[in-house]
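A.B. asks:
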């Protein structure tokens with residue numbers, strides 16, 4: 001379009017950019033049960049994470065070539081599904097154990113922040129960006145199998161719906177994965193469910209997908225960055241989880257929170273969750289301007305990102321739970 | 001306005017009479033939609049004489065629409081697509097008359113939440129396009145009746161006026177059946193209240209149409225004996241008493257359609273031509289249809305000042 | 001703007017617009033319009049107040065994998081995404097528009113979904129695209145199972161019409177319309193041209209365009225939205241005037257007599273047009289500068305604005321005549 005003389009600011013979109021590291025390294029994703037299991041459980045986890053974390057750093061350095069890689073570490077605490085104790089008690093414990101294992105936690109995040117941050121409905125926004133992968137034969141009609149709150153990587157088995165009177169019910173058919181190679185690995189992911197009082201509860205895999213997008217610097221709300229790290233200035237941590245910012249920077253000299261790539265070191269019980277994350281990200285239409293910014297800067301730095309968002313994510317799964 | 005045509009039993013002339021009402025209203029200049037919700041026996045196309053327009057609509061009618069197979073049900077413009085010679089010569093200044101047929105070969109089906117939402121979408125769309133929407137419902141306590149009761153109770157429909165016509169023949173069994181359909185267990189009123197309707201309001205929006213009523217004064221019966229005539233009069237009186245007892249008495253009757261020989265032979269629209277030139281239909285029948293059509297929107301017949 | 005440079009050059013753009021009256025007693029103000037059009041929680045609704053009140057939703061994508069329609073029976077499978085968006089003009093006329101563009105060739109197998117997701121509103125053919133056959137086939141409507149973007153526009157329309165903001169009290173009876181369009185590249189060095197504008201059926205219009213290379217499909221969709229809006233306004237006003245009896249005439253025997261204390265029938269029928277439609281005429285209000293000249297063709301023949309002004313004048317004349325008490329009238333109002 002040619003330059004117009006008359007402009008209205010509400011009529012023009014713009015997108016804020018965010019600082020980016022090379023790698024965002026996740027050292028753990030702890031549920032309240034994990035904390036309940038006591039400091040020993042935390043200590044064992046961090047001890048197992050350490051060698052893998054070092055391997056991930058080495059791989060990132062390799063990719064960065066001659067430049068010193070910018071790597072930030074983060075730790076995610078689930079305060080969304082259950083709550084236990086208080087930040088004042090748990091956070092110092094976590095930091096002490098990490099220190100003891102020779103790891104430093106640069107950023108600490110609360111899982112609730114992936115659902116809603118301040119007034120920004122982060123999860124709802126990501127859900128609104130899902131574009132279902134069309135199975136062959138999708139010609140514009142809403143797929144009859146589409147179910148609210150679920151996302152699959154293929155075509156579901158037809159449901160046994162009561163047929164019209166005096167018509168035959170269809171025979172059973174297997175589900176199929178759309179991108180299958182010969183055989184299907186069909187996965188159907190619950191994204192959310194609604195409680196009887198109308199409250200929407202986001203599923204763990206869905207929030208994990210939001211978490212990955214946040215770490216990749218790809219979340220925007222009306223053009224503004226979402227989940228800005230909050231510097232930690234007080235010596236103490238609050239007594240209530242709600243008073244803890246959704247994302248805090250514990251290390252003032254840390255590399256940026258968001259990065260071109262992410263790596264998460266997790267026990268292998270997270271395997272199905274992370275498969276679901278991939279299914280979700282593969283079908284998410286990420287903010288195109290944010291994508292463009294990241295692609296441009298990574299290319300300029302000589303570490304171009306893969307086009308597919310899901311391919312920017314890696315995992316190291318260790319045995320155990 | 002939506003008008004639902006219901007009946008407890010088959011053979012009451014519900015479809016053919018409601019089609020005639022739609023036709024009469026279109027003649028007066030209203031835009032009218034006729035929606036065939038007789039899911040078990042979708043045959044409205046025959047009444048409007050549009051057999052060839054139905055070809056190729058097997059999978060695009062109301063069954064397919066409500067089951068989510070198509071996003072819009074097919075609509076047939078009667079004036080343009082009918083094979084009836086009189087209807088084709090659409091009278092100047094008449095309104096649109098559009099038939100929304102069921103799938104040819106479609107059957108009764110269980111309706112779910114999605115079908116309800118789509119049904120509401122359809123009613124609201126037609127409400128925006130037409131002055132009058134006549135919905136012909138499967139006989140008895142059917143899924144169709146259930147569906148439209150749920151639809152009209154829905155908050156999205158709160159500003160759409162609707163009325164019910166319950167058709168029945170003028171016999172002992174039909175009177176009891178019609179009253180049962182409205183007032184008894186699992187009837188329209190009870191089911192409606194279960195779905196969120198206000199009992200008074202719903203009740204106030206139901207009127208009865210007595211169809212195929214033999215008029216003892218009619219020349220049809222001029223040959224009957226005295227004894228036969230006396231018997232007929234007595235029957236008529238007893239039926240009126242029964243109807244009143246069953247709460248479907250004269251005060252809630254919107255109109256009476258006389259027994260019409262040509263309708264006994266063939267379900268069709270009765271045109272002025274049938275009465276005036278070919279004289280195959282009775283003037284009284286046409287007048288009754290015109291009158292009921294007029295009363296559909298005349299509030300004084302619906303208990304409103 | 002979406003990044004279009006990563007995508008191979010498009011040789012065909014297609015779309016369909018659905019236009020209808022918003023079923024609400026009062027037109028929506030700009031805040032309510034923004035609420036209605038908020039299809040995504042994270043993207044701002046474009047709201048503009050000059051030269052008229054207008055809101056437009058962000059684009060939403062729908063994945064497709066099916067044959068393209070064609071006029072010669074060729075069944076070319078294509079995969080990609082169709083973009084759809086909704087627009088509301090003066091809080092009164094709702095339009096949903098779905099469109100896509102097609103490159104001349106594409107890979108002969110389906111790629112991972114991520115490949116298509118980063119190419120919004122692009123549908124890639126398997127192999128070579130038989131462009132002219134597909135363009136004709138698209139305007140003609142295609143067979144069951146061929147790509148039908150009208151369904152996508154209709155789906156979005158249905159979704160918006162279910163919004164709780166709407167009280168479902170339309171101020172006048174009206175019919176929705178559909179406008180299907182295709183755009184193919186103009187010869188080198190030539191400007192855009194409108195090759196054909198057809199009133200195909202009662203509710204369907206088709207438009208065939210040539211646009212200079214590099215014209216974004218969103219811009220072409222914007223032009224077609226504007227054409228569809230004004231065609232709908234004309235159609236609706238023509239039907240309102242068509243349906244009423246003007247002047248005394250002979251009282252039709254079958255016609256229901258109007259109640260004595262009612263407004264004259266003519267006034268009752270025309271008043272909503274004055275309240276809700278007459279101020280909406282503003283061709284080219286949101287058309288890019290390059291494409292705006294295409295309107296001139298329609299202004300010359302058949303003369304959209306000329307017809308509109310004549311209809312508006314008729315409406316005003318009728319209302320003026322009926323404003324005079326009958327006793328004072330020397331002549332009865334006639335058309």
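Residue numbers (full-length UniProt numbering), protein chains in the order written: chain A, 1 to 321; chain B, 1 to 305; chain C, 1 to 335.
Virtual Cβ for every residue (Gly too), placed ideally from N, Cα, C.
1) Looking at the C-beta of residue 21/C, does it have a partner C-beta in chain B at a distance below 8 Å?
2) Does the separation of the CB atoms of residue 59/C and residue 83/C fall below 8 Å?
3) Where residue 313/A and residue 265/A are concerned, what is the direct C-alpha to C-alpha distance, given to the nearest angstrom?
4) What are the boundary residues of the alpha helix (DSSP H) that includes residue 44/A?
5) Between residue 22/B and residue 145/B, is the Cβ-Cβ spacing less than 8 Å?
6) In this structure, does DSSP put residue 111/A in helix, strand or coil?
7) Alpha carbon to alpha carbon, how far is residue 119/A from residue 113/A?
8) Report the residue ranges of all beta strand (DSSP E) runs contained in full by the stretch 91-154 of chain B; include only those spanning at least 3 residues, in chain order.
9) What whole-angstrom Cβ distance do residue 209/C and residue 232/C have, given they're in contact under 8 Å?
10) Strictly below 7 Å CB to CB, what residues from chain C border residue 282/B?
11) For the ligand GDP, is there a heavy atom less than 7 Å away from the beta-carbon of residue 200/C?
12) Counting only C-beta atoms, is residue 82/B closer than 8 Å to chain C at any point?
13) Apart from the five residues just before and just after residue 261/A, which ones in its own chain have a Cβ nearer than 6 Å to its Cβ?
14) Do the stretch 175-183 of chain A and the stretch 215-233 of chain A touch if we need at least three Cβ pairs shorter than 8 Å?
15) Does any C-beta atom of chain B lie closer than 8 Å to the C-beta of residue 86/C?
16) If you measure from the beta carbon of residue 2/B to each beta carbon in chain C, is any gap under 8 Å?
17) In the stretch 221-301 of chain A, which residue ranges form an unbroken alpha helix (DSSP H) of at least 4 residues, counting only runs that do not cross its ends?
18) Consult DSSP for residue 105/C and reduce its assignment to one of helix, strand or coil.
19) Quick one: which unbroken beta strand (DSSP E) runs of 3-plus residues sit fully inside the stretch 47-105 of chain C? Chain order, please.
20) Taking the alpha-carbon of residue 34/C as reference, which of 24/C, 18/C, 57/C has the nearest alpha-carbon?
21) Could you check if residue 300/C is buried or exposed, using at least 16 other CB atoms within 10 Å of its CB as the buried criterion?
22) How would you call residue 231/A, buried or exposed, if buried means at least 16 neighbouring beta carbons within 10 angstroms?
23) Three or more C-beta pairs under 8 Å: does that hold for the stretch 235-243 of chain B against the stretch 268-287 of chain B?
24) With 9 Å as the limit, tell me which residues of the stretch 106-126 of chain C have their beta carbon closer than that to any beta carbon of chain A; keep them in chain order.
25) Given a limit of 7 Å on CB to CB distance, which residues of the stretch 95-112 of chain B reach chain A?
26) So within the stretch 79-158 of chain A, which uninterrupted beta strand (DSSP E) runs reach at least 3 residues, ignoring any that extend past its ends?
27) Where residue 134/C and residue 68/C are concerned, what is the direct C-alpha to C-alpha distance, given to the nearest angstrom?
28) In the DSSP assignment, what residue or residues form a beta bridge with residue 15/C?
29) Write down the C-beta distance between residue 167/B and residue 14/B rounded to the nearest angstrom, noting that I regard them as a contact closer than 8 Å.
30) Residue 305/A to residue 155/A, Cα distance in whole Å?
31) If contact is defined by three or more beta carbon pairs under 8 Å, each pair taking one atom from either stretch, is the stretch 122-140 of chain C in contact with the stretch 292-299 of chain B?
32) Give the straight-line distance between the Cα atoms of residue 164/C and residue 24/C, rounded to the nearest whole angstrom.
33) Relative to chain C, which residues along the stretch 211-228 of chain A have a C-beta separation below 9 Å, given in chain order?
34) Between the C-alpha atoms of residue 324/B and residue 191/A, what's the straight-line distance to the nearest angstrom?
35) Runs of 3 residues minimum, wholly inside the stretch 201-249 of chain C: which ones carry the beta strand (DSSP E) assignment?
36) Have a look at residue 168/C and residue 21/C and give me their C-alpha separation to the nearest angstrom.
C.D. replies: So, to answer that:
1) Taking Cβ atoms only, chain B reaches closer than 8 Å to residue 21/C, which makes this a yes.
2) Against a cut-off of 8 Å, the Cβ pair of residue 83/C and residue 59/C comes out as a contact.
3) Using only the alpha carbons, I get a separation of about 11 Å.
4) Bounds of the alpha helix (DSSP H) holding residue 44/A are 39-64.
5) The answer is no: Cβ separation not under 8 Å.
6) The three-state reading of DSSP puts residue 111/A in coil, since its state is none of H, G, I, E or B.
7) Roughly 10 Å between the two C-alpha positions.
8) Correct list: 97-100, 132-137.
9) Not quite, the Cβ-Cβ distance comes to about 19 Å (not below 8 Å), so this is no contact.
10) In chain order: nothing, as chain C lies at least about 18 Å away.
11) What this structure holds is no ligand at all, so the ligand GDP is not there to describe.
12) The Cβ of residue 82/B sits no closer than 8 Å to any Cβ of chain C.
13) For residue 261/A, where only same-chain residues beyond five positions count, the Cβ hits under 6 Å are 23, 312.
14) Fewer than three pairs of CB atoms, one per stretch, sit closer than 8 Å, so the stretch 175-183 of chain A makes no contact with the stretch 215-233 of chain A.
15) Output row for residue 86/C: interface = no.
16) Not one chain C Cβ lies under 8 Å of residue 2/B.
17) Listed in chain order, the complete alpha helix (DSSP H) runs (minimum 4 residues) inside the stretch 221-301 of chain A are 271-281, 288-300.
18) Residue 105/C falls in the strand class under three-state DSSP.
19) Taking only runs of at least 3 residues, the beta strand (DSSP E) segments lying wholly in the stretch 47-105 of chain C are 54-56, 60-67, 77-89, 93-103.
20) For the options 24/C, 18/C, 57/C, the alpha carbon positioned closest to that of residue 34/C is the one of 57/C.
21) Taking a 10 Å sphere around the C-beta of residue 300/C, we find fewer than 16 other C-beta atoms and assign the residue as exposed.
22) By the neighbour-count rule (16 or more Cβ atoms within 10 Å), residue 231/A is not buried but exposed.
23) In short, these stretches do not touch, since the Cβ pair count stays below three.
24) So the list reads 110, 112, 113, 114, 115, 116, 117, 118, 120, given in the order they occur along the chain.
25) So the list reads 106, 107, 108, 109, 110, given in the order they occur along the chain.
26) Correct list: 107-110, 150-152.
27) In this structure, the alpha-carbon of residue 134/C lies about 7 Å from that of residue 68/C.
28) Per DSSP, the beta-bridge partners of residue 15/C are 99/C, 181/C.
29) That pair is a contact at about 4 Å.
30) For residue 305/A and residue 155/A, the gap between their C-alpha atoms comes out near 30 Å.
31) Result no; under three Cβ-Cβ pairs closer than 8 Å.
32) Those two C-alpha atoms are separated by around 11 Å.
33) Those would be 219, 220, 221, 222, 223, 226, in chain order.
34) Absent from the structure is residue 324/B, since the part of chain B shown begins at 1 and ends at 305.
35) Entirely contained in the stretch 201-249 of chain C, the beta strand (DSSP E) runs reaching 3 residues are, in chain order, 204-211.
36) If you take the alpha carbons of residue 168/C and residue 21/C, they lie about 11 Å apart.
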